[in-house]
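A.B. asks: Sequences listed follow chains G, B, R and Y, in order.
Counted the way this note's numbering counts, the first sequence spans residues 103 to 409.
Counted the way this note's numbering counts, the second sequence spans residues 103 to 409.
Counted the way this note's numbering counts, the third sequence spans residues 103 to 409.
Counted the way this note's numbering counts, the fourth sequence spans residues 103 to 409.
For every residue, glycine included, the Cβ atom is placed at its ideal position computed from N, Cα and C.
A quick note: this is a predicted structure, and the numbers were derived from the prediction, not measured.
Protein chains: 4
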Amino acid sequence: MDLQKLVDDVLKDVEVYRGHGEVASYIPALKAVDPRKLGIAVAAEDGSVYCAGDAEEPFSIQSISKVFMLNLALDHVGATLWNHVGREPSGSPFNSIVQLEAEKGKPRNPLINAGAIVVCDNVMNHGTADEAVSEILDFMRERAGDASVAIDANVAQSENQAGFLNRSLAYFVSAFGNLRNPVEDVLSIYFRQCAIAMSCRQLARAALYLAFDGNDPVTRDAVTISSRARRINALMLTCGHYDNSGDFAYRIGLPGKSGVGGGILTVVPGFGTVVVWSPGLNSAGTSLAGAAALEKMVERTGWSVFV
Amino acid sequence: MDLQKLVDDVLKDVEVYRGHGEVASYIPALKAVDPRKLGIAVAAEDGSVYCAGDAEEPFSIQSISKVFMLNLALDHVGATLWNHVGREPSGSPFNSIVQLEAEKGKPRNPLINAGAIVVCDNVMNHGTADEAVSEILDFMRERAGDASVAIDANVAQSENQAGFLNRSLAYFVSAFGNLRNPVEDVLSIYFRQCAIAMSCRQLARAALYLAFDGNDPVTRDAVTISSRARRINALMLTCGHYDNSGDFAYRIGLPGKSGVGGGILTVVPGFGTVVVWSPGLNSAGTSLAGAAALEKMVERTGWSVFV
Amino acid sequence: MDLQKLVDDVLKDVEVYRGHGEVASYIPALKAVDPRKLGIAVAAEDGSVYCAGDAEEPFSIQSISKVFMLNLALDHVGATLWNHVGREPSGSPFNSIVQLEAEKGKPRNPLINAGAIVVCDNVMNHGTADEAVSEILDFMRERAGDASVAIDANVAQSENQAGFLNRSLAYFVSAFGNLRNPVEDVLSIYFRQCAIAMSCRQLARAALYLAFDGNDPVTRDAVTISSRARRINALMLTCGHYDNSGDFAYRIGLPGKSGVGGGILTVVPGFGTVVVWSPGLNSAGTSLAGAAALEKMVERTGWSVFV
Amino acid sequence: MDLQKLVDDVLKDVEVYRGHGEVASYIPALKAVDPRKLGIAVAAEDGSVYCAGDAEEPFSIQSISKVFMLNLALDHVGATLWNHVGREPSGSPFNSIVQLEAEKGKPRNPLINAGAIVVCDNVMNHGTADEAVSEILDFMRERAGDASVAIDANVAQSENQAGFLNRSLAYFVSAFGNLRNPVEDVLSIYFRQCAIAMSCRQLARAALYLAFDGNDPVTRDAVTISSRARRINALMLTCGHYDNSGDFAYRIGLPGKSGVGGGILTVVPGFGTVVVWSPGLNSAGTSLAGAAALEKMVERTGWSVFV
């Protein structure tokens, strides 16, 4: 398969969607992004990354970082993480608090906001907030093979200032004794980890180990244990897009995680990764042109895990 | 791989769970089933079915039939089905009515009870209830290659008599104009289709086309179109076990559908199917020994779609 | 106080609202009512009834009958009624099913639909549905002192045909074992008792005993025990208008019960009763001109229980 | 009526309940209170206060202060308050967040925690948090005719430290733009106003104006306008005891407000006020012996508003 032709063709397929959807507007730094940006990157087993469009330009990865934070939390605390957060789809929007009350402060899964806050607490574990932020940043740099990956301090600060709902979720979880560290420390990790900026190329490269049972196929690093990688993929498939997860599985059929910055990471087990970026979102907060690109790519390649 | 040895070994692996869990007791015919029954069947591309334990004994397939009814409904009405039922995980038990009120009588997905009732209405379409029941029965007989597959009339009658909650769901859906046929006709289909009795062997054979993109690999029948088969698999993975679907994907990583009769159907795309049966259920209504058997089988084979 | 002048003045006060609001349209017989109808009746301790406007014309009392059914159920089964239905405001619309699931088939109070269905079951008790209907009809005739009070058979039949949601509620309650009689029997009572037709004059006279601690001040009949009458008034005040009950208490300050036919019954403890009727409803299903008339009347008289 | 004999007799009536129920334990200062405390005070039109038991001992009035804060907020912003908070019973516990999500950050009523937080914001209005706290404290001192009324600084500090859930509610409301002042300022008012300590005698005297249409019958002060006093009474009757309000109206039939410190304030329109205090709470957070005392008192006097 000519992967460069594939990404070029898919870019053309979805030109019609360029600029469609609503750009996230709750913080100035996201609102300011050009809605016509559109990038695609495919990373293959040998580490080659095939790019089209704006695939080299860093964007705010936002909730996509939840996937890697989950990996770190499992590495720290193992299966005890599941005492603090579930692994079921929530059937609710990303920031819903209703389920939290019925289930006494235990979030449904680690890929909704409340669950990711609990994950931050477990990555921090017995250390400091700054150490936890360094850990995720170092992890992303090493996996991307690129030391220039950074947190956008402007975005992190805006997230903190605009973060009333996430703050409410964190205090709610804490009211049920489900955070071991001070709420504001945990939130400071949360607001910074979602402000990591990466390009499609960097992100596709960084996630490659998830397609190869936890092993980076280029460096041969055992990034995480085999069962953990496949389970992270399972969680992405069932819970990666909030109340749009079923539709994403139905249309695209790959484990994936979307962010309100307009990025979507998908894993093709045994083959590699695909990352798309376009800031316009559908009503569920998933990149509109990005999801369309993934749908086209799966049509062209048959990469669905369900075939 | 020696598939006969595989099923024999897995049966031994889970002997310890035989008789564990709670047998469904809401109707006499299910309550009367011997809790120590345990069967496993694996169907491969060439149509061979490898059996262990009680795999030849018919059991009440219950909600597993929802998978095939969904296929028939899509064949009848195509994508307009999604105007009447969603395709998102519900985050709720199989019989919850809460989501129906918030979403104005449109069930979350076709694999919960309310959604399956809507599916029955669409299989009936402009025909009669008896025709719809004949259609699903003929379909199962043909796919199983076994004309002896039948509906257990005793179970069907008990389901009807005990079916207060399903009746409530059906009238609720109808109150929002989401059934085109009379409620009691639709319910008569629902109560009969879930009373189909099949063995592990028959069911594994019948579902084989779902592992091969809609084509029966033995008869070469194009049972359904390719995209439809993979999408049914996607729905099984995200929604096949009610509020236990995430856990099933996490532990087993295969599209599957459980029934309160203790059966579980799973699809291994490109390879074949696995059916297990054991009547004792966990708290989410999934066979306890059955799920354990699938977990052992995936450990031994690496059949997860996420690797 | 010149009560005739009062009702005449209040009628003039609210002329401006005549015809405002939405007439109930879910059954033809209600939809056909002239939206400009407007009647007011005040019944005093000596049995005199002061009327203005269309106060002599029978209308469908609908949910107002729930008050009298509650009285009959308490007379039949006493405080054991509260094992089957609560006495708290629901915070939900009249026909919501959400609370029923969380509280396992026990409706919040006897004045929402699900609760009134449970009340019908307890009025039927060990008798027949027809006996229960005769009992409520005889009760209303005797209290109104008018043997011409009747059930509108046309309305009753339409309610049954259009009653998908009430049927769903009844089957739901029954699924939790909270009905002792067959669901369709209980529903046949429900659909008939809400089809009683009475005029403002008849209804004001009939309810007079509720203002005098359970004793009819004219006939001297001890209709019900003292504590029961005041408790029925308490339930009307906290629960009589579904999710509009708080607003009604805030604006008007009297125990009351509204019906979708446009009638509202209110009790002025120690003084008498007020009934208004006008078919146009506000968004909570309470008569718009009727509620305005009651507000004006309370302003003119100071009849609030909170002064 | 011999009111001193009344309070003495009622105290004897409920001796059997002394020490029953659960004392609030979420902060040390409340947990330390002797569970056998029991006080009763009745204030009459002439300002006489009849006391029995521990009626002279200050206790933490907790949520009872919400009634007076509501009065101040209405005095500040008038009916615009109802743009920010509703006036319907919530059907939920005092600290539930579920309804807030469905209704976009507008609390159901001013007597649940989220509503009281919004009320604090409106009492603060364009001033400072300290000014708002001074205002409520001065109000209570003036109405009680006792300058010794004070805030228990220890309780206020504990409330702040233990206030995860209230903090979550406040941030949630703020996320919907429903607070004009900084969240932590509003919370500092909330935590201090509920830490006011008063005796039964002081509280009964302070609330007297609510029984006389807004006018203090002793000082002749027009404390608030007539319609406002009766509406506050209406809100207490429908919403004063969270998801126990209906039961309180059913059993006691008086406008009232309970606090987790074990106090209950009730208003007898046209007669006076009754305050009881006993720290043991029922499952809905209302004083067990206190509610029993009010029930006995209403039986002995017929003071229900529904007679």
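1) Expressed to the nearest angstrom, what Euclidean distance is found between the alpha-carbon atoms of residue 284 of chain R and residue 292 of chain R?
2) According to DSSP, what are the bridge partners of residue 375 of chain B?
3) Are the CB atoms of residue 193 of chain G and residue 201 of chain B within a distance shorter than 8 Å?
4) Any idea what DSSP makes of residue 380 of chain R, helix, strand or coil?
5) Less than 7 Å between the CB of residue 288 of chain Y and some heavy atom of the ligand ATP, yes or no?
6) For chain R, check one thing: does any of its Cβ atoms lie closer than 8 Å to the Cβ of residue 336 of chain Y?
7) Just the C-alpha distance for residue 212 of chain G and residue 221 of chain G, rounded to the nearest angstrom, thanks.
8) Determine the contact status of residue 151 of chain G and residue 303 of chain G, defining contact as a CB-CB distance below 8 Å.
9) How is the alpha helix (DSSP H) around residue 179 of chain R delimited, first residue to last?
10) Rounded to whole angstroms, what's the CA-CA distance from residue 235 of chain G to residue 265 of chain B? Just pull it up for me.
11) Buried or exposed: where does residue 385 of chain B fall if 16 or more other Cβ atoms within 10 Å of its Cβ makes it buried?
12) Round the Cβ separation of residue 166 of chain G and residue 382 of chain G to the nearest angstrom and send it over; I've been treating them as touching at under 8 Å.
13) Rounded C-beta distance between residue 122 of chain G and residue 390 of chain G? I'm assuming under 8 Å.
14) Run through chain Y and tell me which residues come within less than 7 Å of residue 376 of chain G, C-beta to C-beta.
15) Tell me where the beta strand (DSSP E) around residue 320 of chain R begins and ends.
16) Along the alpha helix (DSSP H) that carries residue 336 of chain Y, what are the first and last residues, could you check?
17) Quick check: the segment 323-343 of chain G against the segment 272-291 of chain G, are at least 3 beta-carbon pairs closer than 8 Å?
18) Take the Cβ of residue 229 of chain Y as the centre, count every other Cβ of all protein chains shown within 10 Å, and call the residue buried at 16 or more, exposed below.
19) Residues of chain R with CB closer than 7 Å to the CB of residue 269 of chain B, please, in chain order.
20) Compile a chain-ordered list of the residues in the segment 274-291 of chain G whose CB is closer than 7 Å to at least one CB of chain Y.
21) DSSP three-state call for residue 389 of chain G: helix, strand or coil?
22) Mark residue 128 of chain Y as exposed unless 16 or more other C-beta atoms lie within 10 angstroms of its C-beta, in which case mark it buried.
23) So does the segment 139-147 of chain G actually touch the segment 369-380 of chain G, counting three or more Cβ pairs closer than 8 Å?
24) Check the Cβ-Cβ distances between residue 205 of chain G and every residue of chain Y, and say whether any is below 8 Å.
25) Taking all protein chains shown into account, decide if residue 118 of chain Y is buried (16 or more other Cβ within 10 angstroms of its Cβ) or exposed.
26) What's the gap between the Cα of residue 307 of chain R and the Cα of residue 245 of chain R?
27) Might you give, ordered along the chain, the residues of its own chain that have their beta carbon closer than 6 Å to the beta carbon of residue 106 of chain B, omitting 5 neighbours on each side?
28) Against chain B, does residue 220 of chain R count as a neighbour if the rule is that its beta carbon must be under 8 Å from one of theirs?
29) Against chain G, which members of the segment 346-358 of chain Y pass a CB distance test of less than 8 Å?
30) So, with DSSP's three-state summary, where would you put residue 208 of chain B?
31) Quick check: the segment 179-191 of chain G against the segment 317-324 of chain G, are there 3 or more CB pairs under 8 Å?
32) Could you tell me which residues DSSP pairs with residue 163 of chain B in its beta bridges?
33) If residue 159 of chain Y and residue 301 of chain Y are in contact, beta carbons under 8 Å, what's the gap, nearest whole angstrom?
34) In chain order, what residues of the segment 308-338 of chain R put their CB closer than 7 Å to some CB of chain Y?
35) Exposed or buried, what is residue 263 of chain G when buried is set at 16 or more other beta-carbons lying within 10 Å of its beta-carbon?
36) Curious, which full-length beta strand (DSSP E) runs of at least 3 residues does the segment 179-250 of chain Y contain?
C.D. replies: Short version:
1) 13 Å
2) B:145 and B:369
3) yes
4) coil
5) As presented, the structure is devoid of all ligands, the ligand ATP included, so that no description of it is given.
6) yes
7) 7 Å
8) yes
9) 167-179
10) 54 Å
11) exposed
12) The pair is not a contact, with the Cβ atoms about 17 Å apart (cut-off 8 Å).
13) 5 Å
14) Those do not exist, as residue 376 of chain G stays about 34 Å from chain Y at its closest Cβ, beyond 7 Å.
15) Looking at the DSSP string, residue 320 of chain R is not in any beta strand (DSSP E), and its letter there is neither H nor E.
16) 328-341
17) no
18) exposed
19) 273
20) 274, 276 and 277
21) strand
22) exposed
23) yes
24) no
25) exposed
26) 7 Å
27) 152
28) no
29) none
30) coil
31) no
32) Note: residue 163 of chain B sits in no beta bridge, so no partner.
33) 6 Å
34) 315, 332, 333, 335, 336 and 337
35) exposed
36) none
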